[in-house]
Amino acid sequence: MNGTDLFNLLEERKALPALRATDAWGALARESELRMQPDDVLTKSGWTRREVDAVQFPEGTEAAKMHRLLAVYWLERWSQADAAAQAAQLVAEESRRAANALWVSQAPERERIAREKAAKEKANRRRARWVEFGPPGKLGRLKQHDLTIDTAQQRKAVAVINADDDAPTLCLLGTPGTGKSSFAALWLRKEFAAGKEVQWVTGFDFAEDVDSNDPEDVIDSHEWAESLVLDDIEADFPQPAQRALAEVFDRRRQNRGATCFTTNLTKPQLEKMFGPRNYSRLMAGAKVLPLTGKDYRLSPCFAGEMQ
């Protein structure tokens, strides 16, 4: 029996006289509820339940016969629909299990990709920080193999920079052009490679900053970096900057920050400029590396070396 047969049966049934007053079509259900159109979708809780449960016909009547045929038809369609639904559910569950298995099997690869992405992002952030806070220009790109190490002082400087030293302050002092800023840049790169927060500031910029802003704000901005280079303290370093710099060094030592500074001045000249109190704060626990000799910046201009 298909939907068309059922439709014809319903039409015949509607033509039968009611056996009881309560069997009238209007009392049983609306015609639109009883009429099943061809190819209608069947539902277990829909038309069939109303038809089977709500109507009882005397045995032996044509109405009872059609009623049983309808019930058998619907129950058969129930079973088919239920079996199809169960099969679809099994297929869906199998698809979910397969998808879950694939997801689990790909977990190591996803984790590897996530680790690589995180490492790349971290490296990019570190490079950006080095560009922003590290040495300027070519000093920021300087590597140890870029330097010509040909004096005992330079070899000692390299050894000290490469050593795991806990000295709070490294002082590179000497005549101009002997590599003080280059060695300071190498020291800061080593600190950066160890994962520390680094900062590079020139003596000129520090003095300008103190002159243009609240000195306490300037001190705060240099107090907490784990590794700080103050490059090129000159003889004309103004007194407000001297006091602020001594305070920076003092606080950094208390905070266990590592500090490196370069200067063309000698220790007696530094003491005279800063005064005994601030000089003591500047040099407390410092490891001093003198760098003297020829000016490497001018070496191509020496007589006989110019081509």
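Each residue of the sequence shown is one higher than the one before, starting from 141 at the first, in my numbering. Where is the CB? At the ideal position from N, CA and C, for every residue including glycine.
Can you tell me whether DSSP reads residue i as helix, strand or coil?
i: residue 339; result: strand
i: residue 427; result: strand
i: residue 209; result: helix
i: residue 376; result: coil
i: residue 287; result: coil
i: residue 230; result: helix
i: residue 258; result: helix
i: residue 398; result: strand
Between residue i and the rest of its own chain, which residues show a CB-CB distance below 8 Å, the 5 nearest in sequence each way excluded?
i: residue 295; result: 289
i: residue 280; result: 270, 271, 274 and 325
Beta-carbon within less than 6 Å of residue i's beta-carbon, same chain only, minus the 5 sequence neighbours each way: which residues are those?
i: residue 427; result: 307 and 310
Between the C-alpha atoms of residue i and residue j, what's the straight-line distance to the nearest angstrom?
i: residue 343; j: residue 436; result: 21 Å
i: residue 446; j: residue 286; result: Because the pLDDT of residue 446 is 37, which lies under 50, any placement of that residue in the model is unreliable, and the number read from its coordinates should be weighed accordingly. Rounded to the nearest angstrom, the two C-alpha atoms are 22 Å apart.
i: residue 403; j: residue 338; result: 20 Å
i: residue 429; j: residue 312; result: 5 Å
i: residue 414; j: residue 382; result: 6 Å
i: residue 229; j: residue 199; result: 40 Å
i: residue 238; j: residue 258; result: 29 Å
i: residue 375; j: residue 267; result: 34 Å
i: residue 236; j: residue 260; result: 34 Å
i: residue 227; j: residue 208; result: 28 Å
i: residue 351; j: residue 373; result: 16 Å
i: residue 269; j: residue 232; result: 51 Å
i: residue 489; j: residue 398; result: Absent from the structure is residue 489, since the part of the chain shown begins at 141 and ends at 447.
i: residue 405; j: residue 297; result: 18 Å
With 16 as the cutoff for other CB atoms within 10 Å, does residue i come out buried or exposed?
i: residue 431; result: buried
i: residue 434; result: exposed
i: residue 384; result: buried
i: residue 340; result: buried
i: residue 253; result: exposed
i: residue 245; result: exposed
i: residue 324; result: buried
i: residue 275; result: buried
What whole-angstrom Cβ distance do residue i and residue j have, given they're in contact under 8 Å?
i: residue 417; j: residue 389; result: No, residue 417 and residue 389 are not in contact; Cβ-Cβ is about 12 Å, not under 8 Å.
i: residue 370; j: residue 332; result: Between residue 332 and residue 370 the Cβ distance is about 16 Å, and since that is not below 8 Å, they are no contact.
i: residue 317; j: residue 438; result: 6 Å
i: residue 396; j: residue 359; result: Actually they do not touch by this definition, with Cβ atoms about 17 Å apart.
For residue i, which residues of its own chain have a beta-carbon under 7 Å away from its beta-carbon, when the five flanking residues on both sides are left out?
i: residue 346; result: 370, 381 and 385
i: residue 291; result: 433
Within 8 Å of any Cβ in chain B, is that where the Cβ of residue i sits?
i: residue 416; result: Within the model displayed, chain B is absent; a lone protein chain is all it includes.
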